[in-house]
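Structure first, then comments.
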Amino acid sequence: MSEPSRDGHAAADTYDFHTIQGKWLPVWQRMDPFRADRLAGDDPAAQPDTRERRYLLDMFPYPSGDLHMGHGEAYAFGDLLARYWFQRGYNVLHPIGWDAFGLPAENAAIRRNAHPAEWTYANIDTQAESFKRYAVSFDWSRRLQTCDPAYYRWTQWLFLRLYERGLAYRKASYVNWCPTDQTVLANEQVIAGNCERCGSPVTKRELTQWYFKITDYAQRLLDDMEPLEGHWPERVLSMQRNWIGRSEGAYVDFAVEGREEPVTVFTTRPDTLFGATFFVVAPESKLAAELVTADQREAFETYLEEVKRTTEIERLSTEREKTGVFLGVHAVNPVNGQRIPIYAADYVLADYGTGAIMAVPAQDQRDWDFARRYDLPIVRTVQPPADFEGEAFVGDGPAVNSANAEVSLDGLGVDEAKTTIISWLESKGLGRGAVTFRLRDWLVSRQRYWGAPIPIVHCSTCGEVPVADEQLPVELPDLRGADLSPKGTSPLAAASDWVEVDCPKCGGTARRDTDTMDTFVDSSWYYLRYCSPNDEERPFDPDDVRRWMPVDQYVGGVEHAILHLLYSRFFVKVLHDLGVLDFTEPFKALLNQGQVINQGKAMSKSLGNGVDLGEQLAMYGVDAIRLTMVFAGPPEDDIDWADLSPAGSLRFLQRAWRVAGDVTSELGADPADGDRALRKVTHAVIKEVTEHVESFKFNVAVARLMELVNAVRKAIDSGPGPADPAVREAAEALAVMLSLVAPYTAEDMWERLGHEPTVALVGWPTYDADLAAAETLTAVAQVAGKLRDKFEVSPDISEDELRQLALASERVQSALAGREIRKVIVRAPRLVNIVPG
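Encoded structure:
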């Protein structure tokens, strides 16, 4: 005879996740239950699905290998929401694709002596099978890969539309250069001075590159954040605002000795102009090379070489000593006519404003430090507090030392002083009020192979010539067997048969552009392609986009707060201006998930704390891992795998599964005839789980499901018994709600309860408000923050009633020991805290 289990069952009646997964995965693949427009059949245009639509989008994965722990967390959250919407009866679009171009795949393929396409597509196939095992509710009919010519044809088409509007352009400038990946990087891809992809320190190089003019949309990118408030994490909105960096101030013209044209600088504090005692330009700027005198050129060029070996993060560090070199020339301060020396200094960057600043050491600490080192004058133009000395004063105060024969700022506050001096500058033709942005244009060209070719031909006669739309896509040449390792120039340049073409305009000899596009271009519009992924005539069908977009809920990591999200918002605004979209923001709501760490640190092979998702799934099963991820804490928090217990999750799933097998009442039995106490628990849990899912408190929702399992287990073992209709009601509600996080277990429970698959589409359980209402709850009384008494009270108790109840308590009076009461804090119906005097 079999050994009984803790729940009183024979060991043969055991939960085997391997068997359950193998049983249901093929059933779901045959049913294909998660297709959008499922009720419309094969022709949604002829027979539309009239249900309310919802678009749930997970940030699509990069095919760098099999799924990892971060994927396990992120897609558990996205799938939970999608499955909830399916249960609520919505027509849900939940697509999947791969962000398949880019450096990581190319570098990985090179290390393995493989072609990037072979490596990438093999990884995509591996991840696709893992996603299916992980039971994510994707609509597989809309699958896409950005490295498919059928996709990047339209990436190139969009590039050309930006080019036609002057939003894609080519220029020579100093750019961020990754010496390891041998390619340029956008500003957003430089993290703390290092390459976002490989971590190498980034240097500067002067190159001719392609840019998207995102700066034309800077103000709109700021303004359009307002409707996102409360729907996007405030942290993300703040990061974008800071990156865009709107500044109000003035452009000021400084005459320079020996130069016909003045040098213009932007300042947010034109009220401090009288304190500008020297002038600073970026060493790598063309202006510095132009201004330096012959007798200072050797010293300047030596200094420039030193600066080039320094990263931007080092140059901007407040801890690092500022350095510079005098250029041998002076400027003239426009408000007082004083000659001020011009320096090249490392703390000014070429891509900041005009690459030049007026230095006001009394009001800027960097300028103060530089002035001290090079013995330059310091003039305070804002009155600091009486006891303030020894450094720059960056606060507000009345203007001082700020007057000439025509205008005086002395005694004025900052805002009035700004207005006054800007008016004076404008009246003299010496400056103008202005708004500037920290945001720089998006550098999109890369000197690598694995990316979408830029659809431009270069002709010595005609210049830049766009490839005709009907000739798209410009496909990557195969280059199989070629050396694709990074060399600083694109491997495409060596593919002469591909590069050398006839000019589309004049028919003469021309060359294709050999750079490829940044992979962030591909991901800036993919959510639109999901709406009509098989359209061969255009990037997307406007009618399909109108039906589904904007995305109702986007789920992904906060690491994309600036890069991907900002670029996607820009693309949508451009497409709106082109007249092909009728909305200006791509994502209505955003949910960020935290990181899965281990032993307090990010997982790393070098640290020896890596956790393999595949191994965890093999050990505990898909449902236990998903449940563990969701139950670990709020989605936005990091979770430490060392603190979690997938084994505990597995035991809970076993208990839930056994509950379904124990039910003996008939299908359709009226729960109204069942145990009222259990029904109250069931309906209260349905109500609370619904509310917690809607507010993204997924971990709390799981906790309520655990309470329901305990309640129904108790009812079966020591209550009304397994034949009670209330037990069936509880078990069925449990299976449906559990399907959000443990779909295999829930499906098997549903079958054990006598139903046909699939539980994922049976509809969300409803609750009776009277049954769900708590009859009483526990309120606590504290004295000076310490618990002194408890009371069972009505959920509707008033603050005054609860206050009186607490003050009347003998235990509370004893704790007060005759002391006066200074304050009574009441949080009805749960808490009273009495603060003695």
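Residue numbering for the sequence shown follows our numbering, starting at 2 and increasing by one per position. Idealized CB from N, CA, C, for every residue including glycine.
What does the Cβ neighbour count give for residue i, buried or exposed, with the cut at 16 atoms within 10 Å?
i, result
"GLY838", "exposed"
"ILE822", "exposed"
"LYS172", "exposed"
"SER239", "exposed"
"SER424", "exposed"
"PRO378", "exposed"
"ARG739", "Checking the sequence, you will find Leu at residue 739 rather than Arg. When all chains shown are included, LEU739 counts as buried."
"GLN1", "In this structure the chain extends from 2 to 838, so residue 1 is not present and cannot be described."
"LEU567", "buried"
"LEU668", "exposed"
"SER525", "buried"
"ILE125", "buried"
"GLY609", "exposed"
"VAL93", "buried"
"PRO766", "buried"
"GLU733", "buried"
"HIS840", "Nothing can be reported for residue 840: it is not among the residues displayed for the chain, which extend from 2 to 838."
"VAL694", "buried"
"THR462", "exposed"
Could you tell me the boundaries of the alpha helix (DSSP H) in which residue i lies?
i, result
"VAL703", "699-719"
"LEU618", "614-621"
"THR273", "No alpha helix (DSSP H) contains THR273, which DSSP labels as neither H nor E."
"HIS565", "564-578"
"GLY649", "647-663"
"GLY634", "That residue, GLY634, is in no alpha helix (DSSP H); it is neither H nor E in DSSP."
"ILE422", "415-429"
"GLY338", "Premise fails: GLY338 is in no alpha helix (DSSP H) and is neither H nor E."
"LEU377", "Taken as a continuous stretch (DSSP letters only), LEU377 belongs to no alpha helix (DSSP H), as it is neither H nor E."
Measure the Cβ-Cβ separation of residue i and residue j and say whether it is below 8 Å.
i, j, result
"ALA136", "PRO744", "yes"
"VAL682", "LEU706", "no"
"THR209", "VAL522", "no"
"ASN188", "ASN195", "no"
"GLN146", "PRO62", "no"
"TRP158", "VAL445", "no"
"GLN596", "ALA603", "yes"
"VAL401", "GLN364", "no"
"ILE111", "SER486", "yes"
"GLY250", "THR268", "yes"
"ASP663", "PRO723", "yes"
"ARG831", "ALA780", "yes"
"ARG729", "SER650", "no"
"VAL784", "ARG804", "no"
"VAL281", "ILE358", "yes"
Tell me which residue opens and which closes the beta strand (DSSP E) that residue i is part of.
i, result
"GLY465", "It is Glu, not Gly, that sits at residue 465 in the sequence shown. Element bounds for GLU465: 464-467."
"TYR91", "Per DSSP, TYR91 belongs to no beta strand (DSSP E) and is neither H nor E."
"THR184", "184-186"
"GLY557", "554-558"
"ARG513", "510-513"
"MET359", "357-360"
"ILE598", "597-599"
"SER248", "247-257"
"GLN783", "778-784"
"ASP503", "501-503"
In the DSSP assignment, what are the bridge partners of residue i?
i, result
"PHE139", "DSSP lists no partner for PHE139."
"ASN177", "LEU186 and LYS205"
"ILE798", "Answer is none; ILE798 lacks a bridge partner."
"TRP517", "Note on residue identity: the sequence assigns Thr, not Trp, to residue 517. Bridge partners of THR517: ARG447 and PRO454."
"LYS172", "GLN210"
"GLN594", "GLY558"
"TRP642", "The partner list for TRP642 (beta bridge, DSSP) is empty, contrary to what the question assumes."
"GLU842", "Any question about residue 842 goes unanswered here, given that the chain covers just 2 to 838."
Examine the Cβ distances between the region 74-83 and the region 129-143 and report whether three or more of them are shorter than 8 Å. yes
Three or more C-beta pairs below 8 Å linking the region 50-65 and the region 91-100: yes
State whether the region 461-478 contacts the region 269-279, with contact taken as three or more CB pairs (one from each stretch) at a distance under 8 Å. no
Measuring CB atoms only, is the region 752-764 touching the region 697-706, in the sense that at least three cross pairs come out at less than 8 Å? no
With three or more beta-carbon pairs closer than 8 Å as the criterion, would you say the region 293-313 touches the region 241-251? no
Three or more beta-carbon pairs under 8 Å between the region 808-827 and the region 785-798, yes or no? yes
For the structure I just gave you, are there three or more beta carbon pairs, one from the region 451-459 and one from the region 507-515, closer than 8 Å? yes
Check whether the region 481-497 and the region 417-436 touch, using three or more Cβ-Cβ pairs below 8 Å as the test. no
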